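Peer 1: One structure is given below, represented as structure tokens, and several questions about it will come after.
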Amino acid sequence: MKIDHIAIAVNDVEESAKVYQQALGVDNVEFETIETEGVKVAIIHLENGRIELMQPTNDSSPIKKFLDKKGQGLHHLALETDNIEDEVERMEGCGIQFLGKIRPGSAGTKVTFIHPKSLYGVLTELCSHPKA
Numbered sequence: 000m001k002i003d004h005i006a007i008a009v010n011d012v013e014e015s016a017k018v019y020q021q022a023l024g025v026d027n028v029e030f031e032t033i034e035t036e037g038v039k040v041a042i043i044h045l046e047n048g049r050i051e052l053m054q055p056t057n058d059s060s061p062i063k064k065f066l067d068k069k070g071q072g073l074h075h076l077a078l079e080t081d082n083i084e085d086e087v088e089r090m091e092g093c094g095i096q097f098l099g100k101i102r103p104g105s106a107g108t109k110v111t112f113i114h115p116k117s118l119y120g121v122l123t124e125l126c127s128h129p130k131a
């Protein structure tokens with residue numbers, strides 16, 4: 000497993016992406032809207048991972064609820080695995096609890112989230128990218 004991305008909840012993904020681009024000296028940012036999750040994301044590619052800026056697109060978005068409760072900031076850490084199904088099964092055997100089932104994420108990934116109580120208060124996403 001390796002760190003895939005760090006997700007940050009923001010109020011304005013376009014403005015936040017500009018700030019991150021300038022601060023990190025990054026030229027390219029990809030934007031994507033994930034209707035099923037109610038978010039618009041800006042993906043900033045770094046040499047050793049990605050930063051995902053997330054803005055809610057509707058009032059029922061989990062990111063909207065997060066922003067209302069905690070404000071802008073770190074939302075979750077994402078770990079990449081080659082086989083998400085096997086990893087979920089292995090982790091459940093260790094007592095790890097998940098928030099829902101495996102579902103589609105951005106850029107064709109499969110994702111699921113580990114309950115923060117299982118990892119000492121850190122919301123953690125498991126993701127598996129499509130095979131090229």
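Just so we're aligned, residue 0 is where the sequence shown starts under numbering that gives the first Met the number 0, counting upward by one. The C-beta atom is built at its ideal place from N, Cα and C for all residues, glycine as well. Here the structure is a predicted model, which means the values were calculated and not measured.
Just the C-alpha distance for proline 115 and histidine 75, rounded to the nearest angstrom, thanks.
Peer 2: Here residue 115 corresponds to residue number 116 of the sequence shown, with the count starting at 1. Here residue 75 corresponds to residue number 76 of the sequence shown, with the count starting at 1. Computed Cα separation, rounded: 9 Å.
Peer 1: Give the DSSP-derived three-state secondary structure of leucine 23 in the structure shown.
Peer 2: Residue mapping note: residue 23 aligns to position 24 of the sequence shown, counting from 1. Note: leucine 23 maps to helix in three-state DSSP.
Peer 1: For threonine 56, which residues from the same chain have a beta carbon less than 7 Å from its beta carbon, with the 5 sequence-adjacent residues on both sides left out?
Peer 2: Indexing the sequence shown from 1 puts residue 56 at position 57. Excluding residues within five positions, the ones whose Cβ falls inside 7 Å are Thr32, Gly37, Val38, Lys39.
Peer 1: Which whole-angstrom value is the C-beta distance of threonine 35 and proline 129, which I expect to be below 8 Å?
Peer 2: Within the sequence shown, residue 35 is the residue found at index 36, counting from 1. Within the sequence shown, residue 129 is the residue found at index 130, counting from 1. Actually they are not in contact, since the Cβ atoms of threonine 35 and proline 129 sit about 17 Å apart, beyond 8 Å.
Peer 1: Here's the rule: buried if 16 or more other CB atoms are within 10 angstroms of the residue's CB, otherwise exposed. What is alanine 22?
Peer 2: To locate residue 22, count along the sequence shown from 1; it is residue 23. So alanine 22 counts as exposed.
Peer 1: State the DSSP-derived secondary structure class of valine 121, mapped to helix, strand or coil.
Peer 2: In the sequence shown, counting from the first residue as 1, residue 121 sits at position 122. Reduced to three states, the DSSP call for valine 121 is coil.
Peer 1: So, at 7 Å on beta carbons, what are the nonlocal neighbours of valine 121 in its own chain, with the 5 sequence-adjacent residues on each side left out?
Peer 2: Here residue 121 refers to the residue found at position 122 of the sequence shown. Excluding residues within five positions, the ones whose Cβ falls inside 7 Å are Leu76, Pro115.
Peer 1: Pick from Lys64, Arg89, Asp58, Val12: whose alpha carbon is nearest that of phenylalanine 30?
Peer 2: The residue given as residue 30 occupies position 31 in the sequence shown. Among Lys64, Arg89, Asp58, Val12, the Cα nearest to that of phenylalanine 30 is on Val12.
Peer 1: Exposed or buried, histidine 4, counting other C-beta atoms within 10 Å across all chains shown (16 or more means buried)?
Peer 2: Taking the first residue of the sequence shown as 1, we reach residue 4 at position 5. Buried: at least 16 other Cβ atoms inside 10 Å.
Peer 1: Is glutamate 79 helix, strand or coil when you go by DSSP?
Peer 2: Taking the sequence shown and counting its residues from 1, the one referred to as residue 79 is at position 80. In this structure, glutamate 79 counts as strand in the three-state DSSP scheme.
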